[in-house]
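Under full-length UniProt numbering, the sequence shown has 79 at position 79, and the numbering climbs by one with no breaks. Below: one structure, written as structure tokens.
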Amino acid sequence: MAWPNNSPTPDDLPGIPDADLAQLPVELLAILQRETEEALKRAKAAKARLDAALTVRYATRAAEERQARGKDTGTVRFDDGDFTVVADLPKRVDWDQERLGEIVERIRRSGDDPAQYVDIAIKVPERKYAAWPDNIRAVFEPARTVRTGALKVELLPQGGAA
């Protein structure tokens with residue numbers, strides 16, 4: 001179905017109140033949903049390409065600046081023409097959970113409180129919880145809170161037409 005020239009486009013959406021958008025015909029909502037997803041994919045691809053180009057242009061200089069400052073990671077600033085380039089290389093640290101558990105036990109055995117040194121979290125994967133027998137689940141139930149995420153709605157045309 002064709003829509004009038006004054007129909008909203010994805011660029012118009014930020015300026016239209018939710019309640020007004022919700023009143024649009026479902027066919028138009030489906031078109032806007034598809035067009036918005038396509039625009040988002042294009043924008044993500046463009047950003048990835050631009051980020052790659054910036055990395056090609058500045059990674060070596062940023063590494064040299066970091067090395068000159070005795071840094072492996074973090075933020076460095078340097079000039080390129082009339083612009084200041086801010087290059088951040090974040091630090092990502094992973095800890096071996098099994099080894100940490102062993103260290104925590106050693107700390108406990110020595111009489112110290114491991115909570116002074118590490119954050120301790122106990123997690124129960126939902127798939128494991130669902131597989132437990134009822135008597136085990138009943139023990140854990142008071143410690144369990146279920147929250148929901150955001151509702152996601154997808155509009156699909158009936159009869160296979162996309």
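All C-beta atoms, glycine included, are put in the ideal place defined by N, C-alpha and C. What you are looking at is a predicted structure, and each value in this text was computed from that prediction instead of being measured.
Do R66 and V76 come within 7 Å of each other at the CB atom, strictly closer than that value? yes
Kindly list the residues whose CB is nearer than 7 Å to the CB of Y58, restricted to its own chain and excluding five residues on each side of it in sequence; keep chain order. V85, A87
Check this for me: beta carbons of A30 and P10, under 7 Å apart or not? no
How many Å lie between L156 and A46 at the Cα? 27 Å
Hey, which unbroken runs of the beta strand (DSSP E) at 3 residues or more fall wholly within the region 75–130? 83–89
Run through DSSP, which three-state label would I16 get? coil
Is it right to say A62 is buried, meaning 16 or more other beta carbons lie within 10 angstroms of its own, or is it exposed? buried
Could you check what DSSP says for S41 in three-state terms: helix, strand or coil? Looking at the sequence provided, one finds Lys at residue 41 rather than Ser. Helix, per DSSP.
Tell me which residue opens and which closes the alpha helix (DSSP H) that P137 is part of. Per the sequence shown, residue 137 should be read as Arg rather than Pro. R137 -> alpha helix (DSSP H) spans 134–140.
Measuring only the C-alpha atoms, how far is T55 from L13? 33 Å
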